[in-house]
Amino acid sequence: MPLDARAALRAELDRHRLRQWLLIVAGLVILALVSLASISLGVESMSPLAAIRVILAPLLPVNWRGEISDVQVAILQNLRLPRTLMAIVGGAGLSLAGVAMQGITRNPLASPYTLGISPAAAFGASLAILLGLSSIPGGGQYFVVGGAFLSALACAGLVLAFSTLRDVTSTILVLGGVGLTYLFIALMNTVQFVATEQQLPVIIQWTFGSLNGTTWDEVAIAGGIVLLVLPVLQAHAWALNAFASGGDEVAASLGFAVSRTRRIVWVAAVLATAAVVSFTGVITFVGLVAPHIARMLIGGDHRTLVPMSAIVGAVLLLVADLVGRLAFAPVIIPVGIVVAYLGVPLFLHLLLSRRQELLV
């Protein structure tokens, strides 16, 4: 190749990388603006400047704080900030799980829900509630989280074992995941049928998907796990590129340990899903749609696709929660319902605009 052609190609690649990172920065700016709207708007609205002052009050000189009421401080610290952060963590976690599953299975329809992971986690949490583990003093919520994680891990193990069978295409794998989805939905319906009147409302929460009552402890647990998953997936971005482009054969030919990489990525995706679903309940479409929106914006290179998917998922769930809080205020619509209404048209548009790619 002539030197001029190489230089032109390198310059084009540099421009492409610059565009990708500028899009990520733009996504972070949009995420910050939507987050500011989320903590400012509600039944008791306040200006964005007032919200920023409340957040930064401990760091500001007294004469810069302005008039900050105790009501504003209580609303932001106890309600809106934990809720907003959980929306960011939940959207990012589900999207990271989705992009990992789509890459490792080479199937654009793979997601925590379509592969049964989300319903399995919700069933595990519901079973823990039914058994009374959530009422144990001092650690009830951790038993619920543990039940969700173990159930999700069991479902993931079944899907992973199924994927290693001969002649199992990505389409068959997703169909098998759909079968597991219906199985765990049936199990969760059975739990609801035998639950007591006190347990039933708590269990039904998992089917709606809600950010109501989010606490700082829940944000810390879910956020900590998602923050661990992000660098793990980022470290395996090249491997995900190999899996997505040609499957196990291409990944093996490029020197990647196929089985080990698949297990690591799969466990990371399950961890992110279980961490979110354990506290929010079943939230559909985010893990399916957000990676595709990110892919259309930034391309299929997982080095940039992974962080962009997390950003898009966080924005999508934040917007859905904001709509749910404001549309019929003071009534709050669970975020799982709103995101389904937003996700269906996005999914249909994806299906129609990229139908050739989806025929795998």
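Residue numbers (our numbering): -18 to 341. Even glycine gets a Cβ: it sits at the ideal position worked out from N, Cα and C. Predicted, not measured: the structure shown is a model, and the values here were computed from it.
If only uninterrupted beta strand (DSSP E) runs of at least 3 residues are considered, none is enclosed by the region 12 to 88. Per the Cβ contact rule, the region 257 to 264 is in contact with the region 103 to 113 (3 or more Cβ pairs under 8 Å). Three or more Cβ pairs drawn from the region 291 to 311 and the region 62 to 80 lie within less than 8 Å of each other, which places the two stretches in contact. Bounds of the alpha helix (DSSP H) holding Gln180 are Gln180 to Phe189.
Per DSSP, Ile98 is one residue of the alpha helix (DSSP H) stretching across Ile98 to Leu111. For Leu278, the CB contacts under 7 Å within the same chain, skipping 5 residues up- and downstream, are Leu4 and Met289 in chain order. With respect to the 9 Å criterion, Ile274 and Leu327 are classified as neighbours on the basis of their beta carbons.
With 16 or more other Cβ atoms from the protein chains shown falling within 10 Å of its own Cβ, Thr86 counts as buried. In this structure Leu161 is in contact with Val140, their Cβ atoms being roughly 7 Å apart against a cut-off of 8 Å. Short of 6 Å from the beta carbon of Ser107, and not among the five residues preceding or following it, lie these beta carbons of its own chain, in chain order: Met169, Val172, Ile184 and Trp187. Along the region 292 to 317, the alpha helix (DSSP H) does not occur as any fully enclosed run of 4 or more residues. Rounded to whole angstroms, the separation of the alpha carbons of Gly194 and Ser19 is 15 Å. In the structure shown, the three-state DSSP call for Val140 is helix. Pairing Gly294 with Ile166, the inter-Cα distance amounts to about 24 Å. If you draw a 10 Å sphere on the C-beta of Arg241, you find fewer than 16 other C-beta atoms in it, and that means exposed.
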